[in-house]
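Colleague: Handing you a structure now.
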Amino acid sequence: MFPGVALGVTLLVVLATATGAAGAAVALDEQEAQEAQPETAVAKEGAQPAENAPAEDTPAEQAPQPDAITAEEPKLGDVADGSRADHIHILDLRDETGSLIRPDDPIALPFSTRQTCQECHDYEMVGGGWHFNATDPDVGPGRRGEPWVLFDPVSATQVPLSHRDWPGAARPEEFGLSPFLFTERFGRHLPGGGVSEEESDEPLDIYLRWMVSGKAEVNCLGCHDHEAGHDQAEYDRQVRQQNYRWAAAATSAFTTVTGSAKAMPDNYDIYAGGAPDLRDAAPPTVEYDASRFNRRGKVLFDVPRRAPEERCYFCHSSVTIDEAREERWEADLDVHMAAGLTCVDCHRNGLDHLITRGYDWEAGDRNDASVASFSCAGCHIRDQESQVPGSGGMGAPYPAHRGLPVVHFEKLACTACHSGPWPSDTAQRVKLSRTHALGTHGVKKGDDVAPYILSPVLIRDEDGKIAPHRMIWPAYWGFMRGEEIEPAPMEDVRAVAVSAVLADEPEGGPNVERVQAGSWPLFSEAQVARILGDLAGLFPEKGTPVYVGGGKVFSSDGGSLTADDDHPAAQPYSWAFAHDVRPAEQSLGIRGCDDCHALGAPFSFATVTAPVPFDFAKGATLSMTSLQDMDAVYPRVFAFTFLFRPLVKFTIIICSVIMLLVVLLYALRGLEVVLVTWSGGDS
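Numbering of the sequence shown is given in the working numbering, commencing with residue 144 and proceeding in unit increments.
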C-alpha cells in the first residue's frame, strides 16, 4: 500500500512541476556527484573544487568556503587586522586547473601561484602592479627606467627595449619579439604575469607553443620566498627550456623539475604524460618532497610580507667595471643598507603592488600625495608648511647643507652628489643583473661583455635637474627608407655576420675568442661593406642596408663607408639611477667647490664614448657639458674663475679688515666727541 501511495504522490508532483523539478533534480545530481569526487580529481577548467572536509581543528560549520567570496568582497589575506606579525602560510597546493596536489599523485603537475594564492589574495589586483603592468595601455609610463636589452655578440647588436612609452626605447615587436619569445628571452629576470601571460596576436605556431609551455604566472616566490633553499637562478634554466608553467615551482625548496617543454612537439599533452615518439627527449615533470606535506596534505611556505633584500638583488644588482675596482669584500654597502634599512623600507606598496619608485615627481605622476614622502627630499627635507613633521622618517638625518647656495637645489637632484660611483674623467662600463644575466648559472663573468652600458653620466632628468644616469647606444643592422630605419631580422643578420667575420677565422682567432667571451667581434671596413652588400642581396625590396651603432648610421657607397652623425635612431637611451647612495662624507662637494667646478672636474668635463665594433673607426665622443645642453664656453669660463677665487677671497678679507679698522677709528673719534660734549667741553 505505502509504495503505491508514494508512487502516486510522485507522479502528481512530476505532472505539476515537470520542467522545474527535472532541472532541480539534474542540478542536485551534479552537485552530489561533484561532492563525491576525491580531492585529487582534476576539476573542470575554470571551476573551483570544494574541500572534501574541513580542517581537523575547525568545526564543520566554520570551514572556509572560498567559493562564497564574491569578486566585490576582500579576500581573507587582503584584510589586515592591525598585527605587525607575519602570517603563517600553511597551504594546500593547487595546479593550474585548481585541483589539489598530493605527493602521491600518479601524474604530478606543478603548483600554480594563481590557484594556490588566490584563495586568500586578489591575484588580478596583484598582477596590476608595477612589475607586471608594462603592457597595460591604461598605465602611465612614469619616469624612464632600465630597459630590457636585446643583444647578440656575433652580430654586434644591442637594442634597449620596453613595452612602456619611454622615448628612445624600441618596442619588442619591432624586433620580432612576441610575448612568448620575449618571455623566453628575458624570462630569467621577469617576475611572471603581464606579458608572460599574454597570447593575443600570436601566430598559430606560437599559440600552440603556449599550450605546451603554459603561462608564466605571477611568481610570488620570486620576491617573497625567504626559504634558504629558494633558487631563483633555476627560474632562468626553466624559462630557457620553455617550462613556463613549471618555472615558479622549480625555484622552491621542495620541488624538482626535469625535462623540457621546448623539446616537446606542438601537440604534446601535459595531462597524458610521456612522449613515446621522442625517445631522446624528456618531457617536463615535477617531483615533490613528500616530507614537506603535513598530515593534512598542506605545505608550509616561508613567505613574509616584506620581501627580503636578497630577492631584490637578483634583478637589481650592478657592478662597475674598473681596473682599480675593489673586491666584493672591500666594497661598502649603500648607506641606507649600512644603517639597517632594506629595499622595501623605501620602495613600498600595498595590495596593488604599485611599488613606489622614489623619484621627486612620482606623486604627481600617480596622483597620490602619499608617495611623496618616499623620495629623497620627502624623507630628509623638512616640510615647513605641514602641521605634522614629515622628515626624519626611519631616523633619516636632516641635511643642513650649510653654505651651499640655493641654486644647487634648483638645478641638481639629490643623487647628483650622493649616488653612484665617484665620477671619473671618462664614464665607466657597468654590468647589471637584467642586461648581463647576473646571478644565473653559467653567466660570463669577464669585464668585456656585451651589452655595453656606461655610467655615471651626469645629465638632466625629465624634471630638468641634473642626476646620474646610465647610458646605452643602440647598435643593430637595418634598412633605411627615407628617414625611417627598419631592423633587419636578427637570424639573417647573424648568419651573414658569421659568414663574413667568423667563418674563415681559425679556431682560437681573436674574434672567435671575443664572441665566446660574450663581447663583440671587431669588424674591418671590408667586412662591414660585405655584410651590408649581403643584406641588400637578401632583401632588395627593403631599402638601403645600414648599421646603427656608436652614435652614427653607417652605410656603404661603392664599397666605402659613410656615417651620419645626427640620425635620431642612433641617439643613446639613458635612465636615472639612485643606488648605491654614498654617505655625506663621500658626496660631491665635501672637499669644496673644486669637486665640481674646477677645470677638468668630471662633473662638467668628463667624456662619454659610444662603443662601436669597428677597428677602423671610433664611436661618437660626447662631453658632460654637451649632454647637459650647456654651452661649451660658459662652464670653462666659470671654472676658470675658481682659480682666482682664493685670491679674491683673500683680497675681500683684507679689504674688509681695513674697512672695519677705518669704521672702528671713526667710531672711536665719534665716541671722543660725545664724551667731550657730555663733560661740558673739558678734555
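Where a beta carbon is used, it is the ideal one built from N, C-alpha and C, also for glycine.
(1) Any idea what DSSP makes of residue 735, helix, strand or coil?
(2) Could you tell me the distance, in whole angstroms, from the CA atom of residue 775 to the CA atom of residue 784?
(3) Taking the runs of the alpha helix (DSSP H) that are 4 residues or longer, which of them lie wholly in the region 401-474?
(4) Can you check which of these residues, 321, 723, 356, is closest to residue 410 by C-alpha distance?
(5) Tell me, to the nearest whole angstrom, how far the beta carbon of residue 284 is from that of residue 247; I am working on the premise that it is less than 8 Å.
(6) Which of helix, strand or coil does DSSP assign to residue 597?
(7) With DSSP as the reference, identify every bridge partner of residue 622, one or two as the case may be.
(8) Can you give me the C-alpha to C-alpha distance between residue 801 and residue 794, rounded to a whole angstrom?
(9) Give me the Cα-Cα distance between residue 551 and residue 359, rounded to the nearest whole angstrom.
(10) Alpha carbon to alpha carbon, how far is residue 669 from residue 834? Give it in angstroms, no decimals.
(11) Taking residue 614 as part of the alpha helix (DSSP H), name the residues at either end of that continuous run.
(12) Spatial neighbours of residue 710 within its chain, please: C-beta separation below 6 Å, excluding the five flanking residues on both sides.
(13) Tell me whether the beta-carbon of residue 767 lies closer than 7 Å to the beta-carbon of residue 601.
(14) Could you work out which residue in 441, 402, 541 is closest to residue 422 when comparing CA atoms only?
(15) From the DSSP output, in three-state form, read off residue 808 for me.
(16) In chain order, what residues of the same chain have a beta carbon less than 8 Å from the beta carbon of residue 830, not counting five sequence neighbours either side?
(17) Reducing DSSP to helix, strand and coil, say where residue 602 ends up.
(18) Taking just the CA atoms, how far does residue 770 sit from residue 780?
(19) Do you know how far the Cα of residue 447 is from the Cα of residue 281?
(20) Would you mind working out which of 722, 413, 395, 659 sits nearest residue 354, comparing C-alpha positions?
(21) Taking C-beta to C-beta, are residue 724 and residue 573 nearer than 7 Å?
(22) Under 7 Å, do residue 430 and residue 399 count as touching if we go by C-beta distance?
(23) Rounded to whole angstroms, what's the CA-CA distance from residue 812 to residue 818? Just pull it up for me.
(24) What did DSSP end up calling residue 250 once you bin it into helix, strand or coil?
(25) Excluding five sequence neighbours on each side, which residues of the same chain lie with their C-beta closer than 6 Å to the C-beta of residue 702?
(26) Just grab the DSSP bridge partners of residue 791 for me.
(27) What do you reckon, are the CB atoms on residue 617 and residue 562 nearer than 7 Å?
(28) May I ask you to list the residues that DSSP assigns as paired with residue 303?
(29) Could you tell me how far apart the beta carbons of residue 827 and residue 691 are, in whole angstroms, since I believe they sit closer than 8 Å?
(30) Which two residues bound the contiguous alpha helix (DSSP H) that contains residue 561?
(31) Please state the DSSP three-state secondary structure of residue 716.
(32) Between 274, 291, 643, 257, which lies nearest to residue 580 when the distance is taken from Cα to Cα?
(33) Identify, in the order they occur along the chain, each residue of the same chain with its Cβ nearer than 8 Å to the Cβ of residue 302, setting aside the five sequence neighbours on each side.
(34) Given this structure, state the Cα-to-Cα distance separating residue 167 from residue 216, to the nearest angstrom.
(35) Do the region 635-643 and the region 671-687 touch if we need at least three Cβ pairs shorter than 8 Å?
(36) Do you know how far the Cα of residue 639 is from the Cα of residue 186?
Modeller: Reading off the structure:
(1) Residue mapping note: residue 735 aligns to position 592 of the sequence shown, counting from 1. The answer is coil: DSSP assigns residue 735 none of H, G, I, E or B.
(2) For the purposes of this step, residue 775 is taken as the residue at position 632 of the sequence shown. For the purposes of this step, residue 784 is taken as the residue at position 641 of the sequence shown. The alpha-carbon atoms of residue 775 and residue 784 are separated by roughly 15 Å.
(3) 452-456
(4) Counting from one through the sequence shown, the residue named residue 410 turns up at place 267. Of 321, 723, 356, the residue nearest in Cα terms is 356.
(5) Here residue 284 refers to the residue found at position 141 when the sequence shown is read from its first residue. Here residue 247 refers to the residue found at position 104 when the sequence shown is read from its first residue. About 49 Å separates the two Cβ atoms, so there is no contact after all.
(6) For this step, residue 597 is matched to residue 454 along the sequence shown. Correct three-state label for residue 597: strand.
(7) For the purposes of this step, residue 622 is taken as residue 479 along the sequence shown, with counting starting at 1. BP columns for residue 622 point to 629, 688.
(8) Your numbering for residue 801 matches position 658 in the sequence shown. Your numbering for residue 794 matches position 651 in the sequence shown. If I take the Cα positions, the gap works out to 11 Å.
(9) For the purposes of this step, residue 551 is taken as the residue at position 408 of the sequence shown. For the purposes of this step, residue 359 is taken as the residue at position 216 of the sequence shown. Using only the alpha carbons, I get a separation of about 47 Å.
(10) No statement about residue 834 is possible, as the shown extent of the chain runs from 144 to 826 and does not include it.
(11) Taking the sequence shown and counting its residues from 1, the one referred to as residue 614 is at position 471. Careful: residue 614 lies outside any alpha helix (DSSP H), inside the beta strand (DSSP E) at 609-615.
(12) As a position in the sequence shown, residue 710 is number 567, starting the count at 1. Answer for residue 710: 696, listed in chain order.
(13) Taking the first residue of the sequence shown as 1, we reach residue 767 at position 624. Taking the first residue of the sequence shown as 1, we reach residue 601 at position 458. Cβ distance < 7 Å, so residue 767 and residue 601 count as in contact.
(14) By 1-based counting over the sequence shown, the position of residue 422 is 279. Among 441, 402, 541, the Cα nearest to that of residue 422 belongs to 402.
(15) Taking the sequence shown and counting its residues from 1, the one referred to as residue 808 is at position 665. Here residue 808 sits in helix by DSSP.
(16) Here the chain comprises residues numbered 144 to 826, so residue 830 is not present and cannot be evaluated.
(17) Reading the sequence shown from its first residue, position 459 is the one you call residue 602. Here DSSP, grouped into helix, strand and coil, assigns residue 602 to strand.
(18) As a working note, residue 780 is residue 637 in the sequence shown. As a working note, residue 770 is residue 627 in the sequence shown. One C-alpha to the other measures close to 18 Å.
(19) On the sequence shown, position 138 is the one that residue 281 refers to. On the sequence shown, position 304 is the one that residue 447 refers to. About 31 Å.
(20) To locate residue 354, count along the sequence shown from 1; it is residue 211. When each option's Cα is compared against that of residue 354, the closest is 413.
(21) Locating residue 724 in the sequence shown gives position 581, where the first residue counts as 1. Locating residue 573 in the sequence shown gives position 430, where the first residue counts as 1. No; because the gap between Cβ atoms is not below 7 Å, this pair is not in contact.
(22) Residue 430 sits at position 287 when you count from the first residue of the sequence shown. Residue 399 sits at position 256 when you count from the first residue of the sequence shown. For residue 430 and residue 399, yes; Cβs fall inside 7 Å.
(23) Residue mapping note: residue 812 aligns to position 669 of the sequence shown, counting from 1. Residue mapping note: residue 818 aligns to position 675 of the sequence shown, counting from 1. Our two residues, residue 812 and residue 818, have alpha carbons roughly 10 Å apart in a direct line.
(24) Counting from one through the sequence shown, the residue named residue 250 turns up at place 107. In the structure shown, residue 250 sits in coil (DSSP, three-state: anything other than H, G, I, E or B).
(25) Taking the first residue of the sequence shown as 1, we reach residue 702 at position 559. Correct list, in chain order: 672.
(26) Stepping through the sequence shown from its first residue, residue 791 is reached at position 648. None, per the DSSP bridge assignment.
(27) Counting from one through the sequence shown, the residue named residue 617 turns up at place 474. Counting from one through the sequence shown, the residue named residue 562 turns up at place 419. Cβ atoms of residue 617 and residue 562: not closer than 7 Å.
(28) Looking up residue 303 in the sequence shown gives position 160. For residue 303, which the question treats as bridged, DSSP gives the partners 292.
(29) The structure shown does not extend to residue 827, since the chain is modelled only from 144 through 826, so no value can be given for it.
(30) As a position in the sequence shown, residue 561 is number 418, starting the count at 1. Unbroken alpha helix (DSSP H) run through residue 561: 557-561.
(31) The sequence position of residue 716 within the sequence shown is 573, counting from 1. Strand at residue 716.
(32) Residue mapping note: residue 580 aligns to position 437 of the sequence shown, counting from 1. Cα-wise, what sits closest to residue 580 is 291.
(33) Taking the sequence shown and counting its residues from 1, the one referred to as residue 302 is at position 159. Within the same chain, residue 302 has close Cβ partners 292, 293, 294, 313, 318, 617, 618, 619, 630.
(34) Against the sequence shown, residue 167 aligns to sequence position 24. Against the sequence shown, residue 216 aligns to sequence position 73. No answer about residue 167 holds up, because its pLDDT of 35 lies below 50 and its placement is not dependable.
(35) yes
(36) Within the sequence shown, residue 186 is the residue found at index 43, counting from 1. Within the sequence shown, residue 639 is the residue found at index 496, counting from 1. Low per-residue confidence applies at residue 186: pLDDT is 37, beneath 50, and the placement is therefore not dependable, though the value from the model is reported in the following sentence. Cα atoms of residue 186 and residue 639: separation of roughly 51 Å, rounded to the nearest angstrom.
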